[in-house]
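Undergrad: If you scroll down you'll find the structure; I have some questions about it.
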Amino acid sequence: MSLLPLAAAGSQTSLWMFLAFVSATLVITWYSARKSSGASAYFAAGRRITGWQNGLAVAGDYMSAASFLGIAGMIAMNGYDGFMYSVGFLVAYLTVLFIVAEPLRNAGKYTMADVLAYRLNPRPVRAAASLSTLTVSIFYMIAQMVGAGVLVRQLIPGVSYELAVIGVGILMVIYVVFGGMLATTWVQIIKAVLLMGGSILLSILVLQRYDFDLGKFFSSLTAITSTTADGQSVTRNFLTPGLIFKNPWDQISLGMALLLGTAGLPHILIRFYTVPDAKTARASVVWAMIIIGLFYIMTTFFGFGAASLLGPDHIAANGGTNMAAPELARFLGGEIFFAFICAVAFATILAVVAGLTISASTSFAHDFFVNVLHHGREQKAGEEVRVARITAFVVGALAIVIAIILGPSVNVAFLVGLAFAVAASANLPVMIFSLYWKRFNTAGAVTGLLVGLSSSIILILVSPDFMKEPLFPLKNPALVSVPLGFLGAWLGTILSKEKPDEAKFTELMVRANTGLGAEKASAH
Amino acid sequence: MSSPHEDKDYTPTVGSQTDIAPLGRSGPKPEHERTADEDIDPVQWSRIADDADFKALVRRKLRLIVPATAFFIIYYFLLPIGVGWFPGLMEKKVWGAVNLAYAYALSQFFMAWILAGIYVAAAGGWDRSEHALLRKFGVEHR
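Residue numbers (our numbering), protein chains in the order written: chain A, -17 to 506; chain B, 130 to 271.
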C-alpha cells in the first residue's frame, strides 16, 4: 500500500517512521492523561522525574532542529565557524548549573517568575516576567514552526509547507493539552535517545570511511573544493576559522546571548520543577551536559564528514544547508538510514515545540491568570490547569497562523537569536539580583525585565537582519542589551524609594540554599 | 497558589453519614500536598540565616561559584577573541592537520565537564552541611 504514490522509496520509509514516532508519542500522551490529575501533575509531572530522565528531557528540550540540521549544514558548507556555535551551546550549561537550577527548584513552584517575584511585590513582577516568558517562547516557537514546515516539505515530498506546519502545531497542542508535563517530558526523552542514536551511528559510519583514523579524517578537511556564487572553483582548508564569520564582535555578542541566555530560557528552567529536589535538579543538569556535550562534539564528524565525503556543491544541489546531515545519511546508509535521520529531525522539532508550548501556557495560567489577575487564588478548583490547557490551544493556533503568514521563505534564524538575547538581557539579570542582592526591589525587577526585553527587540529591528543600512551593526543584540538589562535593574532599584522586604529576602536565602520548605514530589 | 483539590475533597469516606462526599477536609493536608507557603511548622528563617554555620555554607558556595563562573566566561570568550583577532596564532597546527582553533574549541567541552565535576563534588559536601544545619534546627526536610 502506498500513501504517496509519487514519493520515492526513501520518503515512503521516512513517512512510516514519522507515523511510528507520532503513534508512540500519542500512546504516551493518552497514558499521561489517564494517570495524572491536579496542578502539580500537570505542570511539573508530579515532580517525580528522575535525574537521568530529566537530563535526557532537558537535552531533548534544548537541542533543536537548528542545532542538528543547521549546525551540521553550516560546518558542511563553510567548515570550522559552524563548530564555534556548538561550543557555546554546551558551555552555557555551566551558568544553569552554578547559578539557577538549584535555587530555582528550592524556592519556586511552577515558573521562573516564582523565584523572581518571591520577595518582591508579586503582581507587577509576575506580569513583566510572564510577558518576557511569552515573548521568548513564542518567538522561539515561530522559528521552530517555520523551520519545521520547510524541513518536512523537504523530507517528505508531497507534503506542503502549510500541511507540515498545521501537523506539527496540532501534535504539540495534543501533547500539552492532554498529556501535560508528563507527556512532554517523555516526548523529549524519546527524542533525545533517537537524536543521540542517529548521531552516534552517523559519526561511526563517517569514521569507518577513514578506517577510524582521526588523523586521516582531519587531513581530509584541509582541501575541500567548492564552487562560489560566481561559478569559480575554490579549494579551502575547512579547519580554518573565519570562512563565513567576518566580524568577531558578532561572535562575542552571540556567545554572550548563549552563555547567559540559556539560564533564562523559561522552557528549560521549568524542567527543574519536574524532579523531586534540588539535588536531583543538579544531577539532571550534569546528565544533560554529558548528552549535549557528546552531541555537539559529534557535529565534528557529521558536519565535517558531509563536507569531505559529499562536498559543499553536492549538498547545495541536493536540498541545501539543512539537508547536509540527511544527505550524508543517505550516502552512508542508504534510503533506510536517510529515512531514519529525517524522522529524528522531525522528532527533534516536535519535542522542542512541545516544551515551548507548555512553558508559555504554564506562565500564562500560573503567573498571569492566577497570580496577577486573581491575586494568587483560584476562583474555581482546577482553574489553573484549565486555563493552561486553553492557553496551549490558543498559543498553538497562533503559532500555526503566524508561521503560515510568514511563509517558508522568510529568514527566521534571527528569532532564535532574539529568544536567547531576551532571556539573557531580561530574565537572567533579574534572576541573579533577586537571589543575591538584598537591596533589590520591585521597581528594579520590573525595570530590568522591561529594559532587557525592549532593548533586545529594538536593537534587532535596527540590525543587519532588518535594515540595509543598519543603525546597529551586530546581528545579535546581547553585547549591548545584557548590560542594559543589568543597568535597568540596578537603576530601577536605587532610584525608587521602595524599601526591600528584608525578612522575605532572608527567607528566600534560606530556602534557596537549604531547600527547606521546597515543593515536594507527589506520592502515588 | 492553591492546588485544585485544596478546598473540596470529593472522595467518599467510609462510614460517613450520607453517601454524599464531605466537602472540605478534616485534619491537616498530607505532607506531599503542602505548598511552600503552607509549612505546618513555621520556621524562623532569620534564626537560620543568622547562624554561623549557614553563613559559612553560603560563603563556601560562593567561594567556588564566583571564581568558577569568572573562569569559564574568560575561557569561553578567549575562543572568539583568538579566532577574531589572532587568526595567525589560531591557525597553528597542534596535531596533524588539527589547528589550535579546533583544539581550543574542543577543549571547551572538557573544560565544561571538568568544572561540572568539581562543582558536583563540592556540592556533595554542601549537602552534608545543609543536612547537619537543618538537623540542628530540628527542621530536617526528609
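C-beta atoms are modelled at their ideal positions from N, C-alpha and C, and glycine is treated no differently.
Since residue 294 of chain A and residue 208 of chain A are thought to touch, with beta carbons under 8 Å apart, how far apart are those beta carbons, to the nearest angstrom?
TA: Indeed, because the Cβ distance is near 4 Å, the residues count as touching under 8 Å.
Undergrad: Does the contact criterion of 3 or more C-beta pairs under 8 Å hold for the segment 317 to 331 of chain A versus the segment 339 to 359 of chain A?
TA: These segments do not touch.
Undergrad: Does DSSP put residue 359 of chain A in a helix, in a strand, or in coil?
TA: Residue 359 of chain A: coil per DSSP, three-state reduction.
Undergrad: So is residue 80 of chain A in contact with chain B if we call contact Cβ pairs under 8 Å?
TA: It does; some Cβ of chain B falls within 8 Å.
Undergrad: Please report the straight-line C-alpha distance between residue -5 of chain A and residue 316 of chain A, rounded to a whole angstrom.
TA: Cα to Cα, the separation comes out at about 11 Å.
Undergrad: Using a Cβ-Cβ cutoff of less than 7 Å, which residues in the same chain neighbour residue 234 of chain A once the five nearest sequence positions on both sides are dropped?
TA: So the list reads 461, once near-sequence residues are dropped.
Undergrad: Go ahead and pull the three-state DSSP assignment for residue 218 of chain A.
TA: In this structure, residue 218 of chain A counts as strand in the three-state DSSP scheme.
Undergrad: Flag residue 265 of chain B as yes when its Cβ comes closer than 7 Å to any non-hydrogen atom of the ligand ZN, and as no otherwise.
TA: Looking for the ligand ZN in the displayed structure turns up nothing, as the structure carries no ligands at all.
Undergrad: Are the Cβ atoms of residue 68 of chain A and residue 255 of chain A separated by less than 8 Å?
TA: No.
Undergrad: Can the beta-carbon of residue 508 of chain A be found closer than 8 Å to that of residue 422 of chain A?
TA: Any property of residue 508 of chain A remains undetermined from this structure, which presents chain A solely from -17 to 506.
Undergrad: Run through DSSP, which three-state label would residue 206 of chain A get?
TA: If DSSP states are grouped into helix, strand and coil, residue 206 of chain A belongs with the strands.
Undergrad: With a floor of 4 residues, list each alpha helix (DSSP H) that falls wholly inside the segment 241 to 269 of chain A, ordered by position along the chain.
TA: Taking only runs of at least 4 residues, the alpha helix (DSSP H) segments lying wholly in the segment 241 to 269 of chain A are 248 to 251.
Undergrad: So what's residue 36 of chain A in DSSP terms, helix, strand or just coil?
TA: In the structure shown, residue 36 of chain A sits in a helix (DSSP, three-state: H, G or I).
Undergrad: So, are the CB atoms of residue 141 of chain A and residue 244 of chain A less than 8 Å apart?
TA: Contact: no.
Undergrad: The segment 485 to 504 of chain A: which residues have C-beta closer than 8 Å to a C-beta of chain B, in chain order?
TA: Under the 8 Å Cβ criterion, the segment 485 to 504 of chain A contributes 485, 488, 489, 491, 492, 493, 495, 496, 497, 498, 499, 500, 501, 502, 503 and 504.
Undergrad: Just to confirm before moving on: does the CB-CB distance between residue 179 of chain A and residue 48 of chain A stay below 8 Å?
TA: Cβ atoms of residue 179 of chain A and residue 48 of chain A: not closer than 8 Å.
Undergrad: Please say whether residue 237 of chain A and residue 205 of chain B have beta carbons closer to each other than 8 Å?
TA: Yes, these two residues count as a Cβ contact at 8 Å.
Undergrad: How is residue 128 of chain A classed by DSSP in three states: helix, strand or coil?
TA: Helix.
Undergrad: Going by the DSSP bridge assignment, what does residue 227 of chain B pair with across the sheet?
TA: For residue 227 of chain B, which the question treats as bridged, DSSP gives the partners B/224.
Undergrad: Just how far apart, CA to CA, sit residue 502 of chain A and residue 477 of chain A?
TA: Between residue 502 of chain A and residue 477 of chain A, the C-alpha separation is close to 39 Å.
Undergrad: Can you list the alpha helix (DSSP H) stretches of 4 or more residues lying completely in the segment 364 to 409 of chain A, in chain order?
TA: If we require 4 residues or more, the alpha helix (DSSP H) runs fully inside the segment 364 to 409 of chain A come out as 365 to 388 and 395 to 404.
Undergrad: Which value, in whole angstroms, describes the spacing of the CA atoms of residue 217 of chain B and residue 232 of chain A?
TA: Cα to Cα, residue 217 of chain B sits roughly 20 Å from residue 232 of chain A.
Undergrad: Against chain A, with Cβ distances strictly below 8 Å, would residue 196 of chain B count as a contact?
TA: So no, residue 196 of chain B is outside the interface.
Undergrad: Keeping to the same chain, check which residues put their C-beta closer than 8 Å to that of residue 5 of chain A; ignore five residues upstream and five downstream.
TA: If we look at residue 5 of chain A and ignore the five residues flanking it on each side, it has no Cβ neighbours.
Undergrad: Using a Cβ cut-off of 8 Å (strictly closer), state whether residue 254 of chain B contacts chain A.
TA: It does not: the Cβ of residue 254 of chain B has no partner Cβ on chain A nearer than 8 Å.
Undergrad: Assuming residue 303 of chain A contacts residue 59 of chain A under a Cβ cut-off of 8 Å, what Cβ separation, rounded to an integer in Å, is found between them?
TA: That pair is a contact at about 6 Å.
Undergrad: Check each candidate in A/335, A/400, A/491 and A/268 and name the one with the smallest Cα separation from residue 73 of chain A.
TA: Nearest of A/335, A/400, A/491 and A/268 to residue 73 of chain A, Cα basis: A/268.
Undergrad: Looking at the C-beta of residue 181 of chain B, does it have a partner C-beta in chain A at a distance below 8 Å?
TA: Chain A contact via Cβ: absent.
Undergrad: Using the three-state DSSP reduction, which class does residue 160 of chain A fall into: helix, strand or coil?
TA: If DSSP states are grouped into helix, strand and coil, residue 160 of chain A belongs with the helices.
Undergrad: What number of angstroms, rounded off, separates the C-alpha of residue 229 of chain B from the C-alpha of residue 54 of chain A?
TA: Going from the Cα of residue 229 of chain B to the Cα of residue 54 of chain A covers about 21 Å.
Undergrad: Is residue 353 of chain A buried or exposed, if buried means 16 or more other CB atoms sit within 10 Å of its CB?
TA: Classification for residue 353 of chain A: buried.
Undergrad: Taking 8 Å as the threshold (C-beta atoms), are residue 452 of chain A and residue 445 of chain A in contact?
TA: The answer is yes: Cβ separation under 8 Å.
Undergrad: Is the segment 364 to 382 of chain A close to the segment 400 to 413 of chain A, with three or more CB pairs under 8 Å?
TA: Verdict: no, contact absent.
Undergrad: With a threshold of 16 other CB atoms inside 10 Å of the CB of residue 394 of chain A, please say whether the residue is buried or exposed.
TA: By the neighbour-count rule (16 or more Cβ atoms within 10 Å), residue 394 of chain A is buried.
Undergrad: Report back the beta-carbon spacing between residue 227 of chain B and residue 332 of chain A to the nearest angstrom; my notes put them in contact at under 8 Å.
TA: Not really, about 37 Å apart at Cβ, beyond 8 Å.
Undergrad: Should residue 204 of chain A be flagged as near chain B, meaning a C-beta pair shorter than 8 Å?
TA: It does; some Cβ of chain B falls within 8 Å.
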